[in-house]
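All letters in the sequence shown, in the order written, are residues 1 to 79 by the numbering used here. In this text, a Cβ means the ideal position worked out from N, Cα and C, and glycines have one as well. Please read all numbers here as calculations on a predicted model, not as lab measurements. Please read the structure below before turning to the comments.
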Amino acid sequence: MGFPNIMRVEADGRKGGIWLCWDAKVFTVELISACFQHLTVRVTGTATPPWLLIAVYASPKQELQRFLWQAIEKTQRGA
Numbered sequence: 001m002g003f004p005n006i007m008r009v010e011a012d013g014r015k016g017g018i019w020l021c022w023d024a025k026v027f028t029v030e031l032i033s034a035c036f037q038h039l040t041v042r043v044t045g046t047a048t049p050p051w052l053l054i055a056v057y058a059s060p061k062q063e064l065q066r067f068l069w070q071a072i073e074k075t076q077r078g079a
């Protein structure tokens, strides 16, 4: 793919898994939080102010979706 930097949340068999790839010449990426359903990072570009990226691979199970929303809300309060 040509991206020298990779951050990932491992898949569980054939489900889940999140990959984030970037070029450090263009972006700086700082891990904020991660779990099996999401990856939250602070991205700073060479010509842009910092911003949050939340990549989600949500479970179809409602109880796990609630866990996801709680994790995102907790991250938002701490970011």
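The beta carbons of Leu64 and Gln37 sit closer together than 8 Å. Note that the C-beta distance between Pro4 and Ala24 is below 8 Å. Under the DSSP assignment, Ala55 falls in the beta strand (DSSP E) whose first and last residues are 51-56.
Judged by DSSP in its simplified three-state form, Glu73 adopts helix. In the three-state reduction of the DSSP assignment, Arg14 falls in the coil class, being assigned neither a helical nor a strand state. In the DSSP assignment, Thr44 falls within the beta strand (DSSP E) that extends over 38-45. In this structure, the straight-line span from the alpha carbon of Ala11 to that of Ala58 is close to 12 Å.
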